[in-house]
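S.K.:
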Amino acid sequence: MTSEGHAFSNSYKSAIDISRVAANDLKEYWLSRNLSDDAIGELELCVVELINNAYEHAYESQDGEPIQVASRYNENKVIVDIIHFGDGMSKAEFQSALEADFIEPDPEDPETWTTSGRGFIILAALLDHVELTQEGDKNTFTLVKTV
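Letter 84 of the sequence shown, counting from 1, is numbered 71 in my numbering, and no numbers are missing.
Okay, structure coming up:
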């Protein structure tokens, strides 16, 4: 793990609990940059959502696959890159997921109980910008939050 100067970078191996490990590592970096507790909490949630998605969907819950995480802080913006090399989503699927409406779970309707897709709704609500770039099998999610 490196967090020299104004940047953080680390590689992880996919696992059910790796999102919390990465989020805790990032939290230390963000605390060193004097980010507010509120901003850190929101960023942590977004990172956990995306890393869990990489594990569950891109890698189909396979342990040991690479996930790279980087963050930098410029003036009043935090930028986080989360990279995986698993099955990617199309740009159309990504955009649709960001623009989806939140469906309030209804105790009478099991169809509304699923958590699938809520992570991207959370990202759209908490971040200023979310981008997906793809180069071959490399999928990079870039998160931007003004703090």
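C-beta: ideal position from N, C-alpha, C; glycine also.
The model shown is predicted, which means the values in this text are computed figures rather than measured ones.
Whole-angstrom Cβ separation of VAL134 and SER23, contact assumed at under 8 Å?
M.R.: By 1-based counting over the sequence shown, the position of residue 134 is 147. By 1-based counting over the sequence shown, the position of residue 23 is 36. Going by Cβ atoms, the distance from VAL134 to SER23 rounds to 7 Å, so yes, they are a contact pair.
S.K.: Among the candidates PHE72, LYS132, ASP115, whose CA atom is the shortest distance from the CA of SER(-2)?
M.R.: Here the question's residue -2 lines up with position 11 in the sequence shown. With distances taken between Cα atoms, SER(-2) lies closest to PHE72.
S.K.: Name the DSSP beta bridge partners of HIS116, please?
M.R.: Counting from one through the sequence shown, the residue named residue 116 turns up at place 129. DSSP lists VAL131 as partners of HIS116.
S.K.: With H, G and I counted as helix, E and B as strand and the rest as coil, what does DSSP make of ASN21?
M.R.: Here the question's residue 21 lines up with position 34 in the sequence shown. Of the three classes helix, strand and coil, the one that applies to ASN21 here is coil, per DSSP.
S.K.: For TYR60, which residues does DSSP report across the bridge?
M.R.: Translated into positions along the sequence shown, residue 60 becomes position 73. DSSP, once it has assigned bridges, lists VAL65 as partnering TYR60.
S.K.: Classify ILE54 as helix, strand or coil using the three-state DSSP reduction.
M.R.: Here residue 54 is taken as the residue at index 67 of the sequence shown, counted from 1. Here ILE54 sits in strand by DSSP.
S.K.: Out of LEU110, GLY51, TRP17, which has the shortest C-alpha to C-alpha gap to ALA57?
M.R.: Taking the first residue of the sequence shown as 1, we reach residue 57 at position 70. Checking every option, the nearest Cα to that of ALA57 belongs to TRP17.
S.K.: In angstroms with no decimal places, state the Cα-to-Cα distance between ALA79 and VAL34.
M.R.: Residue numbering aside, residue 79 sits at position 92 when the sequence shown is read from its first letter. Residue numbering aside, residue 34 sits at position 47 when the sequence shown is read from its first letter. Spanning the two alpha carbons is a distance of roughly 21 Å.
S.K.: Measure from the alpha carbon of SER(-4) to the alpha carbon of each residue in LEU37, GLU36, GLN55, LEU30, then state which is nearest.
M.R.: Position 9 of the sequence shown, counted from the start, is the residue given in the question as residue -4. It is GLN55.
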